[in-house]
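In what follows, a single structure is set out as structure tokens and then discussed.
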Amino acid sequence: MSDSVITVNTVLDCKPILVPYTPTTTCEDICIYLCKQLNIGAIARHLFAIRITGKNVFLMPAATFGDKPAAVDFRMRLKVASIDSLKKLDMNAFNYYFHQARGDVLNNRVPDIIYEKYKRELVGLGITDMYRVMLEKDISRESVENDYKKYIPKEVLKRHAFFIKRPIHDTLGKLQKSVHDAFYVKEEYIRQLEIIAPEYLSEVYKAVMDDNGSISSVYIKVSPYHPTEPGIKYCLESKKEQWVLKCTIEELGFISIRNDSTTEISRKNGIPFYLKFNSMATMYSFISLLDGYYRLTCKWIFNICREVYTPSLKKLYAMKCHGPVGGQFSYAKLESKRSNKPGCFIIRESESKYNHYYIDVCMKEGLKPKTFKLEKITGDEFIFNDDLTRYKSIQQLMAAYSDPNGAIYLQECLPPSEYDVSPLLLCRSEKEPGGFASDVSIPTSPLCISCKDLQVYKLNKKEGVRGLTVVFRSKWIITKGKKIDVAVKMLKQECSEKYLKDFLSLAGQWVFLQSSSIVRLYGIAFTSGISLVSEYITLGPLDQYLREKKGIVKTVDLIEAASSLASALWHLTENNIVHGRIRCRKLLVSLHDENSFTVKLADPGIHTEYVSSEVHWIPVECYSKLDYAKHSIEADVWAFGTTLWEIFMYGEEIKPSDHGQAMRFYLSGKRLPQPLTCSNEIYALMKECWDIDPHKRKKPQAIMRDVSQILYQVYNSRRTHSYHKVFSRTAVTASSTSISSYNTETTTVPCTEEFPCTSGTSSRAPSECSVSLSGGHSQNWLLGSQELADVEDSDICDMSNIFPNLNISTATTSLDSLNSMLSIFELDGNCNVVLQGRIGQGFYGEVYKGTLEYIDGEDKEPRKVAVKKLKTTAKSSCLQDFEREINIMKALEHPNIVSILGVLREPEISLVMEFVPHGSLQSYLKINKERLEEPQLLKYALDIAEGMDYLGKKSIVHRDLAARNILVVDENQVKISDFGLAQVMGTNDYYILKTPNRELPIKWYAPESLRDGKFSVRSDVWSYGVTLCEMFNYGEEPNLMIPEEEMEAPQQQILLQALEKGARFPCPPKCSNAIYVRIIRPCWQAESHLRPPFCKLIEEVKDLLNN
């Protein structure tokens, strides 16, 4: 079958380009393909996008295409700061921009150009274009003048076709005397266009806006280069052209969306505003525009909306690779960040060649770094420099060059940072961003507060945790008749000499922070010492509040608290401040009512050395010296994850334990288990904050974006108590398909009405919460301590030893949170099954990945399992089939047949089987076909034959033997699975199909099965031959050569007729004749009794293996 193609219109050729695509091809892939075709470089390609032809709707980079996609246009969508910079950057991109602009002018597609106002300028643009053609194509003036209608805008021709020939002739005569090249003329054309249409490439969308409770129909315009008010503007539908600036691109924070085409746009300052579009496609178009400008203006590696992501960023992120930043930037970064320390290096994309990379390495001599080429070849393999070894990962490459005395030494890879000001910020204004403040007034400066204006409640005081400070509740008289409650923090007199400098340093950092999620420091008061005057938060520390008010705090409140903490962390990061002690007790509850739950992060206090009990909040790379955590934003992210865990445990304390054991627990890759009240999405976020590699930890702005995406869906449904909809199965599925922006965890399946949960959860589930470790080399580099890195498996302690008093099951909540819980089912009295994400589906069943947890066996590690259950849409008859499959599998025990571990009867019948890691043989063959050799395939053939021989002796006919139903354990073993069609034969040695009620795999069926519905061990032998044909064809289905004139009948009839005439599947190209003649072809004897039994096939395969 020929490849599917999508029709793409370009501005350079009237003939469209047909671009091949597959179901996984993204819109970004199409753009890259076209940029390669048009010789547009790897930097400028980010300016381009795909628009649906005939509509003002662009597709987001991660969009994929269906069976019959509409034609699309390839457009430069994002405008650079100046035409000069585009010309210097990429002449081919500049040329494309010119032709795009020219086409829009000719066809009257520039909204700002009104004919009555700019008719002379339009004629001028047409004549400029004619002169360009004379230069570029070396055409005479007379020829161009004769074809003047090709160059003059249509609107001009329509109104003044008979009056413009003379001005064209005279002006071209003057221009002909000048000395310019074609590119100069193109540049002047664009300059003239940008004078009369300065907002060219701005986009306008119609929406409904909810701005602080006021609902209006509006037009939204995105115009980053407006001369006076660049950014996002709106005007009421009733007051067109009265544009109001909402915010600049730089002031954007993140965007959350819902499935009803509504968006929440959050800004760095000011409350969010809400837009509802008429369709999801329009909403995605709008968000992808904002995201494109944000990436190319502020943070090149960050997507402001989780669902509207850039697929290539995920690949770069996995490699710790910069974009095409160039050597100059890379060298400067190595110098400023690592002082050219030997072994440090940066990976970057080539600016000129796709799929080529460079590694800039700091050498031993201490001179400037040296650049080596890294070329991507087939799949995910790389060739480095002159080394012919194929490397599958950067970690593998680092391991190969880990010798400090080698010519090339690779020790530490500097990853890209959100704060890199690199040449990739193509849309960054050449002027500094203006001081526009959106809906909030400019923050007032911190004050020096007079002691006379403070009234202190002397008996209402609280000592700091470490005994260095004391806090008093007080009143601050702001003006006559106006008082507010404040907290006054004083340094104890006996601590003044030692800690005064640290106290002042804390005040200096905190006093300039302005965020609704951070406890505000109003100013400083000078008493006998120095006092900090801050906002008074009435409801106290969050951990205590959660423990005391567990009955009234709902799960949605916890998510809102998480959002506040994420906002605080983001604000601190943007101000380059490390908190150092993010804990649940450092969050203060300022408001809790039916519709909101507001918490604020307090200051960290004076820093003292960390104590061993704080190890749960400190990342693994700081274990060699805990105090490293007070200087690291990545450490704050880890602490955020643990604090989030505390919140969803309702403030439950982690009881004191041996900190050495706790360290080894985290170093082994294990993590705190999922609290009952915590949704799968929130827990996945925690685990991203606990990544062992600090550079791969979730970034604060991405945390804020993702928590807000969840909260946005929740917050709008609080009043109608429909919180459970956020984590319904359909919602999670929709989220997991669009992204995953950058998630690498499996999407877990939450509890729903179909998957109710038990009342408790187990603290003994380390493997469910485990995070995979990278190789020893990179692990040592991360930790900086060989002693901690050399952790033996035998030293890894059980969760229960570290947290002996931790009672997770007490963290219960109200009934409205049940639908967000992880599904836990009791298999028998000794173990539970924890259900996770779906990994496959069949005719009537779905297969989920799960974990089998042993309740009493503390020395038993949890075991991965596969759980098969009926689809919710399955017919009642399917239940009987499923029960039959279970009964058959219960009686089976063979090394080449998937084992059944148990059956769940509640809440619905489910089959718990062993988990086979490498998936189906069909997929495995396709993925690994380059390295699979005949002996390994013959070993698989032997395994299948032995498994089938065992089934035959049990009088079981499988009826669905095919590569898709063989699972790969490892390179040396496969197992037969999926007994959904299997039957037990009665006194006869066959089974007759009575009523076909489903789609059957007829291509694998013997003639007697197709003709008479007769199945036996001998028909399974036929299927075995077809399966081997698939196997030696590396997963591709075999096909019979059938004449076209015979193709009109039903498929089953066509196949049967061909087989009865003697047609058979041909020998696969890479299959030896011996295998085909001795094993495969004998399986296809027309007379079933002439086919070899499986015991005979086993002997034949063994003989081929031995010889």
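Number 1119 marks the last residue of the sequence shown (our numbering); no jumps.
Glycine included, every Cβ here is placed at the ideal spot set by N, Cα and C.
At the level of alpha carbons, what is the spacing between residue i and residue j?
{"i": "Val168", "j": "Asp116", "result": "14 Å"}
{"i": "Leu379", "j": "Arg360", "result": "20 Å"}
{"i": "Ala537", "j": "Gly243", "result": "41 Å"}
{"i": "Phe739", "j": "Gly78", "result": "For Phe739, the pLDDT reaches just 29, beneath the cut-off of 50, and the residue's location in the model is therefore unreliable, although a value from the coordinates is still provided. Roughly 27 Å separates the two Cα atoms."}
{"i": "Pro428", "j": "Ala330", "result": "11 Å"}
{"i": "Tyr370", "j": "Tyr306", "result": "26 Å"}
{"i": "Glu199", "j": "Ile126", "result": "22 Å"}
{"i": "Gln254", "j": "Ser527", "result": "31 Å"}
{"i": "Thr863", "j": "Gly617", "result": "42 Å"}
{"i": "Tyr678", "j": "His628", "result": "8 Å"}
{"i": "Lys951", "j": "Asp961", "result": "15 Å"}
{"i": "Pro1105", "j": "Val1029", "result": "8 Å"}
{"i": "Thr36", "j": "Thr76", "result": "6 Å"}
{"i": "Leu993", "j": "Ile909", "result": "15 Å"}
{"i": "Asn397", "j": "Lys382", "result": "12 Å"}
{"i": "Phe1077", "j": "Met675", "result": "59 Å"}
Which same chain residues end up closer than 8 Å to residue i when comparing Cβ atoms and leaving out the 5 residues on each side of it in sequence?
{"i": "Glu40", "result": "Pro73, Ala74, Thr322, Pro323, Ser324"}
{"i": "Ala93", "result": "Tyr237, Leu438, Cys439, Arg440, Ser441, Glu442"}
{"i": "Trp582", "result": "Gly265, Pro712, Gln713, Ile715, Met716"}
{"i": "Ser720", "result": "Phe266, Ser268, Glu276, Ser278, Ser575, Ala578"}
{"i": "Val928", "result": "Ala878, Val910, Leu979, Val980, Val981, Lys987, Ser989"}
{"i": "Cys26", "result": "none"}
{"i": "Leu147", "result": "His192, Asp193, Ala194, Val197"}
Once the 5 residues before and after residue i are set aside, which same chain residues still bring their CB inside 6 Å of it?
{"i": "Leu954", "result": "Val1113"}
{"i": "Ser576", "result": "Ser529, Val611"}
{"i": "Ser602", "result": "Ile549, Thr610, Lys612"}
{"i": "Gln1097", "result": "Arg1103"}
{"i": "Ser1035", "result": "Leu973, Trp1016"}
{"i": "Ile489", "result": "Asp465, Lys495"}
Give a yes or no on whether 8 Å exceeds the smallest Cβ distance from residue i to chain D.
{"i": "Arg279", "result": "In summary, chain D is missing from the structure at hand, where a single protein chain is found."}
Alpha carbons only, please: which of the options is nearest the one belonging to residue i?
{"i": "Asp150", "options": "Arg676, Gln556, Leu137, Ala194", "result": "Ala194"}
{"i": "Leu1040", "options": "Thr140, Leu993, Ile267, Leu1109", "result": "Leu1109"}
{"i": "Ser486", "options": "Val545, Gln892, Leu882, Val632", "result": "Val545"}
{"i": "Gly479", "options": "Val468, Ile490, Leu503, Leu459", "result": "Leu503"}
{"i": "Lys67", "options": "Tyr217, Leu600, Ile164, Ser462", "result": "Tyr217"}
{"i": "Ser669", "options": "Ile589, Gly663, Ser624, Leu679", "result": "Ser624"}
{"i": "Phe873", "options": "Asn844, Thr654, Ile898", "result": "Position check: residue 873 holds Glu in this sequence, whereas Phe was assumed. The shortest Cα separation from Glu873 among Asn844, Thr654, Ile898 belongs to Asn844."}
{"i": "Pro947", "options": "Leu257, Asn1118, Tyr1002, Leu916", "result": "Asn1118"}
{"i": "Ile358", "options": "Asn367, Leu346, Tyr366", "result": "Leu346"}
{"i": "Ile137", "options": "Asn158, Glu154, Lys166, Ser155", "result": "The identity of residue 137 in the sequence shown is Leu, whereas the question assumes Ile. With distances taken between Cα atoms, Leu137 lies closest to Lys166."}
{"i": "Leu1067", "options": "Glu1020, Lys699, Val23, Ile900", "result": "Glu1020"}
{"i": "Arg57", "options": "Leu1022, Thr19, Asp102", "result": "Asp102"}
{"i": "Glu133", "options": "Asn104, Met88, Ile180, Asn107", "result": "Ile180"}
Excluding five sequence neighbours on each side, which residues of the same chain lie with their C-beta closer than 7 Å to the C-beta of residue i?
{"i": "Val337", "result": "Arg360, Ser434, Pro435, Leu436"}
{"i": "Thr732", "result": "Bear in mind that a pLDDT of 34 at Thr732, under 50, signals an unreliable position, so the number given afterwards is only what the model happens to contain. Counting only Cβ-Cβ distances below 7 Å, and skipping sequence neighbours, we find nothing."}
{"i": "Asn1000", "result": "none"}
Based on the DSSP output, what are the partners of residue i in its beta bridges?
{"i": "Pro553", "result": "Leu600"}
{"i": "Phe484", "result": "Lys473, Val500"}
{"i": "Phe1119", "result": "In the sequence as displayed, the identity of residue 1119 is Asn instead of Phe. In DSSP, Asn1119 forms no bridge with anything."}
{"i": "Ala61", "result": "Arg87"}
{"i": "Asn68", "result": "Answer is none; Asn68 lacks a bridge partner."}
{"i": "Lys861", "result": "Ala878"}
{"i": "Glu361", "result": "Tyr369"}
{"i": "Phe285", "result": "Ile277"}
{"i": "Leu386", "result": "Tyr369, Phe396"}
{"i": "Ser402", "result": "Contrary to the premise, residue 402 reads as Arg rather than Ser in this sequence. Beta-bridge pairing links Arg402 to Ile395."}
Pick out the complete beta strand (DSSP E) segments inside the segment 962 to 1013, 3 residues or longer, and give them in chain order.
Unbroken beta strand (DSSP E) stretches of 3 residues or longer found wholly inside the segment 962 to 1013: 978 to 982, 985 to 988, 1002 to 1004, given in chain order.
Give, in chain order, every unbroken run of the alpha helix (DSSP H) that is at least 4 residues long and sits entirely within the segment 872 to 960.
888 to 902, 933 to 939
Going along the chain, which unbroken runs of the beta strand (DSSP E) with 3 or more residues stay wholly within the segment 249 to 334?
With a minimum length of 3 residues, the continuous beta strand (DSSP E) runs that stay inside the segment 249 to 334 are 256 to 259, 264 to 269, 274 to 279, 285 to 288.
Whole alpha helix (DSSP H) elements within the segment 122 to 203, 4-residue minimum
127 to 149, 153 to 158, 166 to 172, 177 to 188
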